[in-house]
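Protein chains in written order, with this note's numbering: chain A, 20 to 303; chain B, 44 to 468.
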Amino acid sequence: MATLVQILAQGLSISAVLLLSALGLSIIYGVMGVVNLAHGEFVMLGAYVMVLLSAALSPWGAILVAPVVVGAIGLLVDRTLIRWLYHEPVKSMLGTFGLALVIRQLVLLVEGPDLRYVGLPLTASIPLGFGEELPVWRVALIGFAGLATVIVAVWLIRSDFGLRVRTATMDSEIAQSLGINISLVNAASFAIGTAAAGLAGALIAPLYSVYPGMGTTYLVGAFLVVVLAGLGDIRGLATWAVGIGLVTAAVAVPANDLLAQVVVWCLALAIVALRRDSLLPARV
Amino acid sequence: MSTNETTRREILTKAGGTALALSAAGTFLAACGTDSNSATAGNTGDDGDGPIKLGVLFSLSGVLSIAETSMHNAALLAIDEINQAGGIGGRRIEPVVEDYASDFSLVVQKARKLVNEDKVAATVGCYSSASRKAVLPVYEEANSVLVYPTFYEGLECSTNVIYSSLVANQHLTDATEWMVKNVGRRIYMVGSNYVGPQTYNAIVKELAEKQGAEIIADRYFPLEQTEFGSAISSIGAAKPDVIWCTLVGAGIPAFYKQYRAAGLDPDTLPIFSGITTEQELAAMGGAVAEGHYFPSSYFQTMDTPDNKKFVARYKSKYGSKQPTNMPVQASYNSVKLVAAAIEKGGEATPEAILSAFPGVGAKAPGEGTVTVSTDNHSTHHMYLGRANSDALYDVIEDFGEIKPDPFPKSVVPASKIPTCPRRET
Numbered sequence: 020m021a022t023l024v025q026i027l028a029q030g031l032s033i034s035a036v037l038l039l040s041a042l043g044l045s046i047i048y049g050v051m052g053v054v055n056l057a058h059g060e061f062v063m064l065g066a067y068v069m070v071l072l073s074a075a076l077s078p079w080g081a082i083l084v085a086p087v088v089v090g091a092i093g094l095l096v097d098r099t100l101i102r103w104l105y106h107e108p109v110k111s112m113l114g115t116f117g118l119a120l121v122i123r124q125l126v127l128l129v130e131g132p133d134l135r136y137v138g139l140p141l142t143a144s145i146p147l148g149f150g151e152e153l154p155v156w157r158v159a160l161i162g163f164a165g166l167a168t169v170i171v172a173v174w175l176i177r178s179d180f181g182l183r184v185r186t187a188t189m190d191s192e193i194a195q196s197l198g199i200n201i202s203l204v205n206a207a208s209f210a211i212g213t214a215a216a217g218l219a220g221a222l223i224a225p226l227y228s229v230y231p232g233m234g235t236t237y238l239v240g241a242f243l244v245v246v247l248a249g250l251g252d253i254r255g256l257a258t259w260a261v262g263i264g265l266v267t268a269a270v271a272v273p274a275n276d277l278l279a280q281v282v283v284w285c286l287a288l289a290i291v292a293l294r295r296d297s298l299l300p301a302r303v
Numbered sequence: 044m045s046t047n048e049t050t051r052r053e054i055l056t057k058a059g060g061t062a063l064a065l066s067a068a069g070t071f072l073a074a075c076g077t078d079s080n081s082a083t084a085g086n087t088g089d090d091g092d093g094p095i096k097l098g099v100l101f102s103l104s105g106v107l108s109i110a111e112t113s114m115h116n117a118a119l120l121a122i123d124e125i126n127q128a129g130g131i132g133g134r135r136i137e138p139v140v141e142d143y144a145s146d147f148s149l150v151v152q153k154a155r156k157l158v159n160e161d162k163v164a165a166t167v168g169c170y171s172s173a174s175r176k177a178v179l180p181v182y183e184e185a186n187s188v189l190v191y192p193t194f195y196e197g198l199e200c201s202t203n204v205i206y207s208s209l210v211a212n213q214h215l216t217d218a219t220e221w222m223v224k225n226v227g228r229r230i231y232m233v234g235s236n237y238v239g240p241q242t243y244n245a246i247v248k249e250l251a252e253k254q255g256a257e258i259i260a261d262r263y264f265p266l267e268q269t270e271f272g273s274a275i276s277s278i279g280a281a282k283p284d285v286i287w288c289t290l291v292g293a294g295i296p297a298f299y300k301q302y303r304a305a306g307l308d309p310d311t312l313p314i315f316s317g318i319t320t321e322q323e324l325a326a327m328g329g330a331v332a333e334g335h336y337f338p339s340s341y342f343q344t345m346d347t348p349d350n351k352k353f354v355a356r357y358k359s360k361y362g363s364k365q366p367t368n369m370p371v372q373a374s375y376n377s378v379k380l381v382a383a384a385i386e387k388g389g390e391a392t393p394e395a396i397l398s399a400f401p402g403v404g405a406k407a408p409g410e411g412t413v414t415v416s417t418d419n420h421s422t423h424h425m426y427l428g429r430a431n432s433d434a435l436y437d438v439i440e441d442f443g444e445i446k447p448d449p450f451p452k453s454v455v456p457a458s459k460i461p462t463c464p465r466r467e468t
């Protein structure tokens, strides 16, 4: 019983981080066919906003500002670089790989290579019984991940703009002929995708390590979820993030994290091998 | 880098995987990048005049730059000070700075350039054992000198490397005994999954079990991992007396933060680390750090006049938020040791420096005199630190001076202990 509660708590906590970092990656691929290898760097930028502003603004202020700042940087990057790479998966990978290096080195030059300090906005922990405690911030991460996913899904399904986004996703030329401003849809989607990454970074920073190279870790996790859910499928993201989190914890709690990684990636490999078609962009 | 990382990347979509592998290639091209080119073994034709060239070889970008940038800074500070005081016998030291960007094949190229093109008198550099092992053939072939300024696991004594910081026996023996005697007998071990931490843990296990302690778990993590919830959960359930931790790199602040956030209290269950210096404490903050332990030959708080001056000079040059730590002090002192060896040998050539080195000493800030021994390692004064609420270590125990033993009998069978120094490649 104790082990089961541990697995559930740790598993959902891992899922939350996966889901938060995968959300933006999925939007950007789904809408504009751009495989954003700089996604981890936008997560890192969000974490640095948290580092630099949480003392001045309060941690909660920094969490609100991070997606705005990172989304604005995303918009700028979209207008200057990404728009030349729409629906060109291979070119977009090379372009965003270069972009990732540029962002990482700029942060290194400006902020230095050091590991950075961010305090926990909420320091309490919740007793799970049998002497085990779960940090409140982990519970908060689970809540924020769920909330962010619901907001994005509702926005895509219910809003006018969401309808235009989905139309553009299905066929951008037809959408354009119907009077939809594709350029606006794309720019907004990239900004929203990077803003989601920025939010993820700000939320993750208090419990994890902040340094210029941190993005790669989150890019790898995000890719796993997005690939399993089918590139572009927001609804599948939550399911797969929870699945991966629970499997990881089910091995890591009783055994260890090295074995957990082996199990998760072998399972992922098997699933991808059995359903090759899901790598293509599905519906949004 | 662990093999798990490679596996991860192979599984990504063909496209994503390829590009990711590109991004990782720099760090993966591991120690296999050995020296196959015919490097000219010509040494410096030192004219006994003009500036003395000293190689400074660290990573200023990539994952290792977290630790190595500060070591690079410390080496340059020492060079500045020597030059301001009139140089070595009137000759200035000219630093030749190379950045190997945390890349274990680039480090070989950079070392070759320093040794064969720049013809430096000596090099201060490298941090991880992987980078030191990668450049060993370069220094041995050209009969040049590498001063390796950080603590390491031992089992090596190259003719061309001066190991100027701690080797495992100095770092771990008294600390383990103190830990078992004063904190508890049930030890839970965690570490990063590669040779350095595993060797450290094996040595601590051997030492602790001799004291009657019990190792209740020995858990390893991929080097880049920053999610420790599952391990911390199982630590809580295992009810140990103490955690022995050899996590390396970026995961350290994440581990301590998640540990404290899960309600684990250092007053009743402290972490003893072989790795965590003031630099990582600064990133986790005093509230998380307070109460955890680290054995070391140097702490920023050491209350000696020379250390106060050293800390003040370092901070005024590199920023008040930059803590000093053991690798920083060792890197600084390595330059001083090279200067002392050149003064003793009377010549700034690698051969003269190498033959002068045994017996050379330099007064290291806070610690006292560090002397190079005949096996190319060095004697150190050891202390135990306990972290305080300012995210610094207070010195709580003085273990005295300890001689290096790179091949300890507890780990190496008597027949396998070599005569030191020896050629390693």
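Beta carbons: idealized from backbone N, C-alpha and C, even for Gly.
CA-CA distance, ILE161/A and ALA215/A?
-> For this step, residue 161/A is matched to residue 142 along the first sequence. For this step, residue 215/A is matched to residue 196 along the first sequence. Straight-line Cα distance between these residues: approximately 15 Å.
Going along the chain, which residues of the stretch 157–178 of chain B sit with their C-beta nearer than 8 Å to a C-beta in chain A?
-> none
Rounded to whole angstroms, what's the CA-CA distance from ARG356/B to GLY52/A? Just pull it up for me.
-> For the purposes of this step, residue 356/B is taken as the residue at position 313 of the second sequence. For the purposes of this step, residue 52/A is taken as the residue at position 33 of the first sequence. When rounded, the distance between both Cα atoms is 53 Å.
Would a C-beta distance cut-off of 8 Å place VAL272/A and SER235/B closer than the cut-off?
-> As a working note, residue 272/A is residue 253 in the first sequence. As a working note, residue 235/B is residue 192 in the second sequence. Contact flag unset, no.
Any beta-carbon of chain B closer than 8 Å to the one on GLY165/A?
-> The residue given as residue 165/A occupies position 146 in the first sequence. No - not a single Cβ of chain B is within 8 Å of the one on GLY165/A.
Just by C-beta distance, which residues in the stretch 283–303 of chain B are closer than 8 Å to chain A?
-> ALA293, GLY294, ILE295, PRO296, ALA297, LYS300, GLN301
Quick one: what does DSSP say GLU160/B is sitting in, helix, strand or coil?
-> Locating residue 160/B in the second sequence gives position 117, where the first residue counts as 1. GLU160/B: helix per DSSP, three-state reduction.
Would MET63/A pass as a contact of ALA85/A if the rule is Cβ separation under 8 Å?
-> Translated into the one-based positions of the first sequence, residue 63/A becomes position 44. Translated into the one-based positions of the first sequence, residue 85/A becomes position 66. No, the Cβ-Cβ distance between MET63/A and ALA85/A is not below 8 Å.
Leaving aside the five residues before and after ALA221/A along the sequence, list all residues of the same chain whose C-beta is less than 7 Å from its C-beta, in chain order.
-> By 1-based counting over the first sequence, the position of residue 221/A is 202. Excluding residues within five positions, the ones whose Cβ falls inside 7 Å are GLY65, ALA66, VAL68, MET69, ALA81, ILE82, ALA85.
Leaving aside the five residues before and after ARG157/A along the sequence, list all residues of the same chain whose C-beta is less than 6 Å from its C-beta, in chain order.
-> One-based indexing of the first sequence puts residue 157/A at position 138. For ARG157/A, where only same-chain residues beyond five positions count, the Cβ hits under 6 Å are SER32.
Answer with buried or exposed for LYS459/B, where buried requires no fewer than 16 other C-beta atoms within 10 angstroms of its C-beta.
-> Against the second sequence, residue 459/B aligns to sequence position 416. By the 10 Å Cβ count, LYS459/B comes out exposed.
Do you know whose CA, among ALA325/B, ALA383/B, GLY362/B, LEU209/B, lies nearest GLN372/B's CA?
-> As a first step, residue 372/B must be located in the second sequence, where it is residue number 329. Of the listed residues, the one whose Cα sits closest to GLN372/B is LEU209/B.
Span of the alpha helix (DSSP H) around ILE122/A | In the first sequence, the residue the question calls residue 122/A occupies position 103. First-last of the alpha helix (DSSP H) with ILE122/A: 108–130.
Of all the residues that make up the stretch 224–238 of chain B, which are near chain A by a beta-carbon distance shorter than 7 Å?
-> ASN236
Taking buried to mean at least 16 other C-beta atoms within 10 Å of its own C-beta, is ALA289/A buried or exposed?
-> Looking up residue 289/A in the first sequence gives position 270. Per the 10 Å Cβ criterion, exposed.
List the residues of chain A whose Cβ lies closer than 7 Å to the Cβ of ARG262/B, in chain order.
-> Within the second sequence, the letter at position 219 stands for residue 262/B. The contacting residues are ASN275.
Taking Cβ positions, are ASP284/B and VAL354/B nearer each other than 8 Å?
-> Counted from its first residue, the second sequence places residue 284/B at position 241. Counted from its first residue, the second sequence places residue 354/B at position 311. No, they are not a contact pair.
Name, please, each residue of chain A whose Cβ falls closer than 7 Å to the Cβ of THR17/B.
-> Because chain B is modelled from 44 through 468, residue 17/B falls outside the range shown and cannot be assessed.
Just checking, does the stretch 173–182 of chain B make contact with the stretch 377–390 of chain B on the three C-beta pairs under 8 Å criterion?
-> no
Endpoints, the beta strand (DSSP E) within which VAL36/A is located = Counting from one through the first sequence, the residue named residue 36/A turns up at place 17. VAL36/A -> not in any beta strand (DSSP E); alpha helix (DSSP H) instead, spanning 21–51.
Does VAL381/B have its Cβ less than 8 Å from a Cβ in chain A?
-> Taking the first residue of the second sequence as 1, we reach residue 381/B at position 338. Cβ-Cβ to chain A under 8 Å: no for VAL381/B.
Best match in CYS169/B, GLY255/B, THR319/B for proximity to GLY98/B [C-alpha to C-alpha] = Here residue 98/B corresponds to residue number 55 of the second sequence, with the count starting at 1. With distances taken between Cα atoms, GLY98/B lies closest to CYS169/B.
Rounded to a whole number of angstroms, what is the C-alpha to C-alpha distance between ALA251/B and CYS285/A?
-> The residue labelled residue 251/B in the question sits at position 208 within the second sequence. The residue labelled residue 285/A in the question sits at position 266 within the first sequence. Near 37 Å, if we compare the C-alpha coordinates of CYS285/A and ALA251/B.
Grab me the residues of THR83/B's own chain with a C-beta within less than 7 Å of its C-beta, minus the 5 sequence neighbours each way, in chain order.
-> In the second sequence, counting from the first residue as 1, residue 83/B sits at position 40. Note on THR83/B: pLDDT 39, under 50, position unreliable in the model; no value is reported.
Between the C-alpha atoms of GLU151/A and ILE26/A, what's the straight-line distance to the nearest angstrom?
-> In the first sequence, counting from the first residue as 1, residue 151/A sits at position 132. In the first sequence, counting from the first residue as 1, residue 26/A sits at position 7. Using only the alpha carbons, I get a separation of about 12 Å.
If we ignore side chains and look at the alpha-carbon of each, how far apart do THR77/B and LEU179/B end up?
-> Residue numbering aside, residue 77/B sits at position 34 when the second sequence is read from its first letter. Residue numbering aside, residue 179/B sits at position 136 when the second sequence is read from its first letter. In this prediction, THR77/B scores a pLDDT of 36, lower than 50, which makes its location untrustworthy; the coordinate-derived value is nonetheless stated afterwards. Their backbone Cα atoms lie some 9 Å apart in a straight line.
Taking DSSP as the reference, what is the three-state secondary structure of ALA407/B?
-> For the purposes of this step, residue 407/B is taken as the residue at position 364 of the second sequence. Looking at ALA407/B - three-state DSSP - the assignment turns out to be strand.
Relative to the ligand ATP, is the shortest distance from any of its heavy atoms to the C-beta of PRO296/B smaller than 7 Å?
-> Annotation note on the ligand ATP: not contained in the displayed structure, which lists no ligands.
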